[in-house]
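Working notes for the structure below.
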Amino acid sequence: MGRGEDAATEGLDPEQREAVLAPRGPVCVLAGAGTGKTRTITRRIAHLVSAGHVGYGQVLAVTFTARAAGEMRTRLRALGVDGPGRPPVQARTFHAAALRQLRYFWPRVVGGAPWEVLEGKLRLVGQAAQRVGAPTTRESLRDLAGEIEWAKASLVPADDYAAAAARDARDVPAPAEQVAKVYSTYEALKNRAEVLDFDDLLLHTAAALEEHPEVAHEFHERYRCFVVDEFQDVTPAQHRLLRAWLGGRDDLTVVGDASQTIYSFAGASPSYLLDFPRTFPEATVVRLVRDYRSTPQFVAAANTVIGAARGRAAGSRLRLEGQRPPGPAPDFSEHDDEPAEGVAVAGAIRELIDDGVPPAEIAVLYRVNAQSEVYEQALGDAGIAYQVRGGERFFQRTEVRTAVAALRTAAARAPEDAVGAGMVSLVRAVLGEQGLTTEPPAGAAGQGAARQRWESLRALAELAEELVASVPDADLGAFQAELTARAQAQHPPTVQGVTLASLHAAKGLEWDAVFLVGLTDGTLPIQHADGDDAAVEEERRLFYVGVTRARVHLRLSWALSRSAGGRRSRRRSRFLYGLVPDEHPAARQPTGRDGGGGGRGKPVCRICGKPLADAGSAKLGRCSTHPSDIDESLLEALKSWRSTEAKARSVPAYVVFTDATLIALAEQRPHDPSGLVAIPGIGSSKLERYGTEVLTLLREHAS
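Those letters in the sequence shown? Residues 113 to 815, by the working numbering.
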């Protein structure tokens, strides 16, 4: 074994080592969540280079986010693959790689200066929609833009859109023929303005290689080896570009997991990953199943979730094997309504922070962005800093837009030596004019919107430092391109605080503690997936992605009603059946006409046995017409205990228990854990934290 092989394989498990040492040619690495795929593919690149199979600058590695590409470059430098005097291994997103190539070849294939890249397409889509009489509300324009992006990613021209949308049963935002007219008009307006959108980067670069032999020859001489991450999410447009890059060669390593295919709505298809051994019959196929991220309890839960999957993608699913020491089991909790669920989540997050878990290592994940409002409110009320992860939300903030404009102005007059550390200093100076200070604002001035503004500016400054760490000679122009790419990819920089994110935005990330919330049928799986087996299976994979984001703490919750006091008409997600332990109160099957999810049927009065019609009566367990049998002294004792607990944890009293819950306790006076969880508002997490103390207090008072 040579020295290069020693360094490249040190500390790897047998399957990782097999992938690293596979011979040049087609290699398919099926890598489950948390199995060390980035480590494996960077070690493979290092091995190919150090063993002399390929030159430093002849490797092109592509992935789906700038963050992942940056991490790959950082690891390659640490392995000695990149360094002074050597052409670097190119690790970029598909779009960033295409942009670089298109700018280089543009004078030869088009002539003149390269066209600018649109930062966003809504303005032109709006003009196109207005011209053809399509809806022009912001939501409608976003949907129309999404359809255009899907069509271009799927290699569907405007003339074929209606037929393709019908074939794929697209949920179109307007009549398909009208969407096609918006699409064709948008393309005409864009070409007239001589600008490109992000999808054009892939299409034009592929065309340059396909239609200009001299361009293809130069590119193929430059790049000999290709690595593609997240191959299960490749679109037809990306696959077309990859084929053009390869030019009939087969020196290709792909990495993916069909069980994490969650972008079909955007044109992605796992078929390229699933068909890889058929496309390249001589390919080496390696399966990585040792999970180093999550505790065995979470790995078992993930296996249960994906074990129920159906369809072609399920045929290649990987059964993960946990490698970490055992930890706590997943926590399940049911709540009367979303506000109560939000308060409970905020309270549990406060407990984790008090126990030493950094806020940046905690995430609240949900199916759709509209769900974030409840958790933003609850975290704000609890005084917990948070960031909402989503490209549009971050890059559309007023302070960010103003700062980006100021940086654009500065780039026009920046000195030539403003590269690397000089560029970072210039960025900090510009952001200082926008309000960035060395330390965060203190006191009342450091709360709410003011603190968010400061955190946004700091995140931009740190992003400049991150860029220079991976591209030492980056200038302000490169920083502008990075900002544009992140805005397009909905990949904001890291802002300190608890992360709120959709499950789609959480792909590729991980945290010590993850809260999966809003787990009801109609939300996960989303309502419009019903009746479409393939869509439901994609929703299951989305849930699987959420479960596999957690390292040490995993809490899953759902609410029976959307609004406080509302009708409890929801039921927990079907994906939870078989996952919630049989002995857990929430494991009981829903009963009663209201279809209440999570296990509670129609509540009845504990005095007369009649059904209880409203949430207040359900909380107390009796009809409102019956006189209260409250023990006033017990209620005062409970309030005193709650006050002490709230002060000790620095949270509002209602985060511990609401007044209604205390009244129910003082009336019903339960004497065991099952009696406690029978009171709405006391779920498994509160039972675990407060059950012993409350039952002791109740027993002492009774004696």
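Beta carbons are placed, not taken as given, at the ideal position from N, Cα and C, and that holds for glycine.
### alpha helix (DSSP H) segment containing I474, residue limits
Looking up residue 474 in the sequence shown gives position 362. From DSSP, I474 is part of no alpha helix (DSSP H) but of the beta strand (DSSP E) over 474-478.
### Query
Leaving out five residues before and five after V469 in sequence, what residues of the same chain have Cβ atoms less than 7 Å from its Cβ?
Looking up residue 469 in the sequence shown gives position 357. Apart from the 5 residues on each side of it in sequence, V469 sits with its Cβ closer than 7 Å to the Cβ of D624, A625 in its chain, given in chain order.
### Query
Just reading off the beta strand (DSSP E) that F310 is part of, what are its end residues?
One-based indexing of the sequence shown puts residue 310 at position 198. Boundaries for F310: no beta strand (DSSP E) harbours it, while the alpha helix (DSSP H) harbouring it runs 310-323, taken from the DSSP string.
### Query
Would DSSP call H640 helix, strand or coil?
Within the sequence shown, numbered from 1, the residue matching residue 640 stands at position 528. In the structure shown, H640 adopts helical secondary structure according to DSSP, grouped into three states.
### Task
Consult DSSP for T186 and reduce its assignment to one of helix, strand or coil.
For the purposes of this step, residue 186 is taken as the residue at position 74 of the sequence shown. In the three-state reduction of the DSSP assignment, T186 falls in the helix class.
### Simplified DSSP state of H329, which is helix, strand or coil
Along the sequence shown, read from residue 1 onward, the residue named residue 329 stands at position 217. In the structure shown, the three-state DSSP call for H329 is helix.
### Task
Keeping to the same chain, check which residues put their C-beta closer than 7 Å to that of A257; ignore five residues upstream and five downstream.
Here residue 257 refers to the residue found at position 145 of the sequence shown. Taken in chain order, the residues that qualify are K233, L234, V237.
### Query
Under the three-state reduction of DSSP, which class applies to G710: helix, strand or coil?
To locate residue 710, count along the sequence shown from 1; it is residue 598. A caution first: G710 carries a pLDDT of 38, below 50, which makes its placement in the model unreliable, though a value can still be read off. Helix, per DSSP.
#### Entry: Candidates S740, A758, Q592, P135, of which the one nearest A208 by Cα
Start at 1 with the first residue of the sequence shown, and residue 208 comes out as number 96. A208 has its Cα closest to that of Q592, out of S740, A758, Q592, P135.
### Task
With DSSP as the reference, label T396 as helix, strand or coil.
Along the sequence shown, read from residue 1 onward, the residue named residue 396 stands at position 284. The DSSP-derived three-state label of T396 is strand.
### Query
Within 8 Å: the Cβ of T175 and any heavy atom of the ligand NAP?
This structure lacks the ligand NAP; in fact it carries no ligand of any kind.
### Query
Alpha carbon to alpha carbon, what distance is there between V657 and G704?
Counted from its first residue, the sequence shown places residue 704 at position 592. Counted from its first residue, the sequence shown places residue 657 at position 545. Caution is warranted here: a pLDDT of 34 is assigned to G704, below 50, making its placement in the model unreliable, and the coordinate value is therefore given only provisionally. Distance between the alpha carbons of G704 and V657: 32 Å.
### Task
Could you please give the first and the last residue of the uninterrupted alpha helix (DSSP H) stretch that includes R352?
Reading the sequence shown from its first residue, position 240 is the one you call residue 352. That run of the alpha helix (DSSP H) goes 348-358.
### Query
Just the Cα atoms here: how many angstroms apart are A425 and E650?
Looking up residue 425 in the sequence shown gives position 313. Looking up residue 650 in the sequence shown gives position 538. Whole-angstrom Cα-Cα distance: 10 Å.
### Task
Find the nearest neighbour of G144 within the set D125, L432, E299, judged by alpha-carbon distance.
Locating residue 144 in the sequence shown gives position 32, counting from the first residue. Measuring from the Cα of G144, the nearest candidate turns out to be L432.
### Alpha-carbon spacing of Q780 relative to T773, whole angstroms
Within the sequence shown, numbered from 1, the residue matching residue 780 stands at position 668. Within the sequence shown, numbered from 1, the residue matching residue 773 stands at position 661. A straight-line Cα-Cα distance of about 10 Å links Q780 and T773.
### Message
Just to confirm my understanding: we take L654, look at its own chain, exclude 5 residues before and 5 after, and list those with CB closer than 8 Å. What are they?
### Response
In the sequence shown, counting from the first residue as 1, residue 654 sits at position 542. If we look at L654 and ignore the five residues flanking it on each side, its Cβ neighbours are I374, R479, L615, H616, L636.
#### Entry: Complete beta strand (DSSP E) runs within the region 437-515 (minimum length 3 residues, chain order)
Whole beta strand (DSSP E) segments, 3+ residues: 443-447, 474-478, 498-500.
### Task
Enumerate in chain order the residues of its own chain whose CB-to-CB distance from T248 is below 8 Å, with the five nearest sequence positions on each side excluded.
Looking up residue 248 in the sequence shown gives position 136. The residues are G238, A241, Q242.
### Message
Applying the 10 Å Cβ sphere with the 16-neighbour rule, what's the burial state of V139?
### Response
What you label residue 139 is simply residue 27 of the sequence shown in a count that begins at 1. A residue is called buried once 16 or more other Cβ atoms fall within 10 Å of its Cβ, and V139 is buried on that count.
### Query
What residues in its chain sit with their C-beta under 6 Å from that of F206, if we drop five residues either side in the sequence?
As a working note, residue 206 is residue 94 in the sequence shown. Spatial neighbours of F206 in its own chain (CB-CB distance under 6 Å, excluding positions within 5 residues in sequence) are listed in chain order as V174, Q350.
### Task
Mind checking which residues open and close the beta strand (DSSP E) that includes H665?
As a working note, residue 665 is residue 553 in the sequence shown. Segment 662-671, the beta strand (DSSP E) holding H665.
### Query
What does DSSP give as the partner residues of D403 in its beta bridges?
Along the sequence shown, read from residue 1 onward, the residue named residue 403 stands at position 291. Answer is G434.
### Query
Just curious, the beta strand (DSSP E) that G368 is in, first and last residue?
For the purposes of this step, residue 368 is identified with residue 256 of the sequence shown, where counting begins at 1. Its beta strand (DSSP E) spans residues 364-368.
### Task
Report the option in E299, T147, T317, E306 whose CA atom is closest to the CA atom of R112.
In this structure the chain extends from 113 to 815, so residue 112 is not present and cannot be described.
### Query
How many angstroms separate the CA atom of H329 from the CA atom of L386?
Counted from its first residue, the sequence shown places residue 329 at position 217. Counted from its first residue, the sequence shown places residue 386 at position 274. One C-alpha to the other measures close to 30 Å.
### Task
Could you tell me if P437 is buried or exposed, where buried requires 16 or more neighbouring beta carbons within 10 angstroms of its beta carbon?
Here residue 437 refers to the residue found at position 325 of the sequence shown. Exposed, because fewer than 16 other Cβ atoms sit within 10 Å of the Cβ of P437.
### Message
Rounded to the nearest angstrom, what separates E446 and V291 at their Cα positions?
### Response
Position 334 of the sequence shown holds residue 446. Position 179 of the sequence shown holds residue 291. Between the alpha carbons of E446 and V291 lies a gap of roughly 42 Å.
### DSSP state of W227 mapped onto helix, strand, coil
For this step, residue 227 is matched to residue 115 along the sequence shown. In the structure shown, W227 sits in coil (DSSP, three-state: anything other than H, G, I, E or B).
### Query
What residue does the beta strand (DSSP E) around Q344 start on, and which one ends it?
If you number the sequence shown from 1, residue 344 lands on position 232. Neither: Q344 is in no beta strand (DSSP E) and is coded neither H nor E.
### Query
Mapping DSSP to helix, strand and coil, what is T121?
As a first step, residue 121 is located in the sequence shown; it is residue number 9 there, counting from the start. Three-state result, T121: helix.
### Task
Use the C-beta contact count for D448: other C-beta atoms within 10 angstroms, 16 or more gives buried, fewer gives exposed.
Residue 448 sits at position 336 when you count from the first residue of the sequence shown. The residue is buried, with at least 16 neighbouring Cβ atoms inside 10 Å.
### Query
What do you reckon, are the CB atoms on S506 and D341 nearer than 9 Å?
Taking the sequence shown and counting its residues from 1, one reaches residue 506 at position 394. Taking the sequence shown and counting its residues from 1, one reaches residue 341 at position 229. As written in the sequence, residue 506 is Phe, which differs from the Ser given in the question. D341 is positioned such that its CB atom lies no closer than 9 Å to that of F506.
### Own chain, CB closer than 6 Å to E577, minus 5 neighbours either side, in chain order
For the purposes of this step, residue 577 is taken as residue 465 along the sequence shown, with counting starting at 1. Around E577: V536.
### Query
Do T152 and S582 have their C-beta atoms within less than 9 Å of each other?
Here the question's residue 152 lines up with position 40 in the sequence shown. Here the question's residue 582 lines up with position 470 in the sequence shown. No, the Cβ-Cβ distance between T152 and S582 is not below 9 Å.
### Task
My understanding is that L191 touches T150, with C-beta atoms under 8 Å, so please give their C-beta distance in whole angstroms.
What you label residue 191 is simply residue 79 of the sequence shown in a count that begins at 1. What you label residue 150 is simply residue 38 of the sequence shown in a count that begins at 1. With 8 Å as the limit, L191 and T150 do not qualify as a contact, their Cβ atoms being about 12 Å apart.
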